[in-house]
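Residue numbers (the working numbering), protein chains in the order written: chain G, 28 to 146; chain X, 13 to 307.
Reading through the structure tokens given below for one structure.
As structure tokens, then:
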């Protein structure tokens, strides 16, 4: 019964959220935080932070991230293909082979242009 | 039946935590999980002052919920399963994707430099591990002609997937360790350089949720290795769930053991290795299984 399964999963989600909520409430009822200087400052090697950590961060793996997007899209097509693969036989192999080859050439091209190293 | 099943899952989580402690401290301590639980319950709840309030409270809950969802569809034996979803193989992928979301949220929330770096590193780690893990699962789905995890085990009655597709097993194993950020891949935590990184600003019950969720994540991943590649509950003499339990514990022990002998990988090295070696290997694995199936 697929619908029952999803209901069970939803119930599990609700249960774990409720458990976490109970723990939070229990924690809250168990006492106060004693205020001391510099207690609530994030850890930073012994010194006080100079500025907030929410600044622009150079995500130097953006090349990989773009490749990842392309391959992740392809995975969406892969799952239904994998289920019917044996049924369709050699046609399925050639179809997906062409598709994967195009993507794989993209990976090789990125590699040849030096995209697969630290920017 | 239900009580037995829940008891088995709880016992597995308990045993994994004892096992992890055994691997680190070299001696058995069966009371340790309970004393850690008690300690974390009474620990003072220190919160950083400029935090993102919503993310700080919700990240641990999302983390443990994602791990629980993955556990919910993995079978211990035929009929010994919480939900036998017919799209189980896809569902565990979806659940594992939220692990990354939770960790990046937890890295962002405290407004601390170390946790922020840990969060961004785990995002890089996702880009590295997700292709091998997804493609290895796809190859097992191809053999079973079904995304149901029960059918995937049934397809391995005569020959386990570890022999049928050894490349896929190695890829899944390595990627699973990266997903659970176990030692050679513990980039978001990195006790030596980031001082527990993402988890550094979390105390008390939030840390408890994270650590419990991590244990459930390790359980779900070693269970997934067992179900997808080691023939699940197939085995002589003992009942099915006992075989699954033994195999799962052995896989988890090997996870912990591997981590002790391999130095931590740098995250840009991990990305390069993943895209230059593991992704082409994963494509090769799909081709390999495809040709074997047509023969």
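We put the CB at the ideal spot given by N, CA and C, even for glycine.
In this text the structure is predicted, and so the values were computed from the model without any measurement.
- Legend: CB atoms of the stretch 120–141 of chain X lying less than 9 angstroms from CB atoms of chain G belong to residues 120, 122, 123, 124, 125, 126, 127, 128, 129, 132, 135, 136, 138, 139, 140.
- Taking the CA atoms as reference points, residue 81 of chain X sits about 14 angstroms from residue 224 of chain X.
- Residue state for residue 104 of chain G is assigned as helix, using DSSP reduced to three classes.
- CA-to-CA, the gap between residue 117 of chain X and residue 127 of chain X works out to about 10 angstroms.
- Residue pairing from DSSP places residue 92 of chain X in a beta bridge opposite X:89.
- In the assembly as shown, residue 64 of chain G is an exposed residue. Its beta-carbon has fewer than 16 other beta-carbons within 10 Å.
- Residue burial annotation: residue 205 of chain X is exposed, with fewer than 16 other C-beta atoms found within 10 angstroms of its C-beta.
- Around the beta carbon of residue 41 of chain X, a 10 Å sphere encloses fewer than 16 other beta carbons of the protein chains shown; the residue is thus reported as exposed.
- Within 8 angstroms of the CB of residue 221 of chain X, the CB atoms of chain G belong to 47, 50, in sequence order along the chain.
- Collapsing the DSSP output to three states places residue 61 of chain G in coil.
- Counting only the Cα atoms, residue 136 of chain X lies some 15 angstroms from residue 142 of chain G.
- For residue 61 of chain X, the nearest beta carbon of chain G is closer than 7 angstroms to its own beta carbon.
- Nearest to residue 237 of chain X by C-alpha distance, out of X:86, X:57, X:140, X:69, is X:86.
- DSSP places residue 288 of chain X in no alpha helix (DSSP H); its state is neither H nor E.
- Here residue 121 of chain X is near residue 64 of chain X, since their CB atoms are less than 7 angstroms apart.
- At least 7 angstroms separates the beta-carbon of residue 46 of chain X from that of residue 253 of chain X.
- At a cut-off of 7 angstroms between beta-carbon atoms, residue 284 of chain X makes contact with chain G.
- Non-local beta-carbon contacts of residue 124 of chain X in its own chain, meaning distances under 8 angstroms to residues more than five positions away in sequence, involve 60, 212, 213 in chain order.
- Residue 159 of chain X sits buried, since 16 or more C-beta atoms from the chains shown fall within 10 Å of its C-beta.
- In this structure residue 57 of chain G is exposed. Its beta-carbon is surrounded by fewer than 16 other beta-carbon atoms within 10 angstroms.
- Look at residue 300 of chain X here: in three-state DSSP terms it is helix.
- For residue 54 of chain G, the secondary structure class from DSSP, reduced to helix, strand or coil, is helix.
- In this structure, residue 139 of chain X lies away from residue 98 of chain G, with their beta-carbon atoms at least 7 angstroms apart.
- Nearest in C-alpha terms to residue 178 of chain X, of all of X:134, X:28, X:304, X:50, is X:304.
- Counting C-beta atoms within 10 angstroms of its own C-beta, residue 114 of chain X has 16 or more neighbours from the protein chains shown and is therefore classed as buried.
- The criterion of a C-beta distance shorter than 7 angstroms is satisfied by residue 200 of chain X and residue 134 of chain X.
- Under a criterion of Cβ atoms nearer than 7 angstroms, the residues of chain G adjacent to residue 98 of chain X are, in order, 29.
- Below the 9 angstroms Cβ cutoff, chain G contributes no neighbours of residue 198 of chain X, its closest Cβ being approximately 17 angstroms away.
- Proximity of the stretch 70–86 of chain G to the stretch 243–260 of chain X falls short of the contact definition, fewer than three beta-carbon pairs being nearer than 8 angstroms.
- Between residue 156 of chain X and residue 164 of chain X, the gap from beta carbon to beta carbon is short of 7 angstroms.
- Look at residue 177 of chain X here: in three-state DSSP terms it is coil, with no helix or strand label.
- Distances from the CA of residue 29 of chain X to each of X:302, X:230, X:180, X:75 were compared; the closest alpha carbon is that of X:230.
- Taking the C-beta atoms as reference points, residue 243 of chain X is found nearer than 7 angstroms to residue 172 of chain X.
- When DSSP states are grouped into helix, strand and coil, residue 132 of chain X belongs to the helix group.
- Residue state for residue 41 of chain X is assigned as coil, using DSSP reduced to three classes.
- In this structure, residue 29 of chain G and residue 62 of chain X do not form a Cβ contact; the two beta carbons are roughly 46 angstroms apart against a cut-off of 8 angstroms.
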